[in-house]
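The sequence shown begins at 7 in our numbering and counts up one residue at a time.
Glycine included, C-beta positions come from ideal geometry on N, C-alpha and C.
Here the structure comes first, spelled out in structure tokens, and everything after it is commentary.
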Amino acid sequence: MVIGESVRKDFMSAYGFPTKNTPWLDNANATLLTHYISAAPSTQLSLTNSLAMREANEIHLNNSIVSLAKKAGFETYWLSNQGMKGGFDSPVALIGQQADHYTFLKEGSSDDRRYLPDENLLPYIRKALVKEGQKKKLIVIHLMGSHPQPCARTDEKYGTYFHSQNISCYLQSIQNTDSLLADIANMANKNQLHWAMLYFADHGLSFVNKNTGSENLTHSDSHKQNYQVPFMITGYDYAIENVDQSKAGKHIINAQRSGLNLLSMLATWLGIEEPRLISQCDWFSNQACQNQHTVISFSNEYQDFNHLKDDDINFH
């Protein structure tokens, strides 16, 4: 399971952006959710509400995707390019530290301007992907991805200029993540593993200084694009059913899904039976399910995604 960072899906060619910056995702046989929205507009709020059990508005970090997978017999790994000790990082890092094996490339906090590419995780991923007996593994990979400031993610480099230097680096950071996903899939195939990969992002971003030479993207909770993120599943033998012929090898799910239900979705994906996560919703179908428009604001309150403003990319 790969957790992307600060990715707006409308900046990805897999979701219709005109510059081809996700070539691997574009061509992969996959299930693509087009209306998955993140639980919240920032990493900690989003992932604690998505990856841990919530009861009566209280988050139980000890009942997380990691502890659930361990209980179900998975050997668990948490490989992170985000911080471990910074105030903003700690709740998600606590979930990560429940894993049988965990690695944090940044010992301190994430929010630095240092160039530390996600590909530095590859040696750890390669090690985790070695087959050992019949034991199932859940490998969670938490990327730095497209986190502001985007040019710090790409070492100031970009391939295609679009709107501003910042936005150009942002596009490049998405391409770098696509390339990393391709590397992971290739490694898993090389090891002849029966593997499945789920990729989603923790939240999106909003424009600042829009339509100027210094246009950039930042955290906000007032736009739909703060929550509209990619979500795809693929695997070694990905069976294509209900294929939309216009999108090569894609099973498209247009029904809306909220990240507040992600733990239940992940339990379904992993085949884990947990009474508290049983849902009437067939998550990976086009079934319209109830309460899929609720998200969390910066002030940790529920808000209706459908009432938020749009912050579209200007193509003129």
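In the three-state reduction of the DSSP assignment, L186 falls in the helix class, which pools H, G and I. Closest by C-alpha distance to N87, out of S185, I147 and V301, is I147.
Remark: C-beta atoms of A46 and P236 do not approach each other more closely than 8 Å. Taking C-beta atoms under 8 Å as the contact rule, G10 and L149 qualify, at a distance of about 6 Å. Using a C-beta cut-off of 8 Å, the region 204-221 makes no contact with the region 61-68, since fewer than three inter-stretch Cβ pairs fall below that distance. Taken in chain order, the complete alpha helix (DSSP H) segments of 4 residues or longer contained in the region 117-145 are 128-134. Listed in chain order, the alpha helix (DSSP H) runs fully inside the region 252-280 are 268-276, counting runs of at least 4 residues. Ranked by how close their Cα comes to the Cα of I259, the residues G241, I101 and A36 have A36 in first place. With respect to F290, H299 sits apart: the two C-beta atoms are not nearer than 8 Å. In the structure shown, the three-state DSSP call for A158 is helix. Look at F110 here: in three-state DSSP terms it is strand. Residue nearest to L53 within the set V98, W30 and E81 is V98 (criterion: CA-CA distance). Assignment of H148 by DSSP, reduced to helix, strand and coil, places it in the strand class.
Its Cα nearest to that of L187, the residue T240 stands out among H209, T240, S96 and K142.
For H313, the three-state secondary structure derived from DSSP is helix.
DSSP places A75 outside any beta strand (DSSP E); the residue lies instead in the alpha helix (DSSP H), whose first and last residues are I71 to K77. Nearest C-alpha to K315 among I101, D227, C295 and L122: D227. If you draw a 10 Å sphere on the C-beta of I284, you find fewer than 16 other C-beta atoms in it, and that means exposed. Residues N222 and T224 of the same chain have their beta carbon placed closer than 6 Å to that of V214, with the five preceding and five following residues left out of the count. Comparing alpha-carbon positions, the option among L74, L100 and S48 lying closest to S305 turns out to be S48. When C-beta atoms of the region 131-146 are compared with those of the region 163-183, fewer than three pairs fall below 8 Å, so the two segments do not count as touching. A distance below 8 Å between beta-carbons, with the five flanking residues on each side excluded, links P24 to the following residues of its chain, in chain order: F321. Where V98 is concerned, the enclosing alpha helix (DSSP H) starts and stops at S96 to G102.
In this structure, the beta-carbon distance from Q104 to V72 falls below 8 Å.
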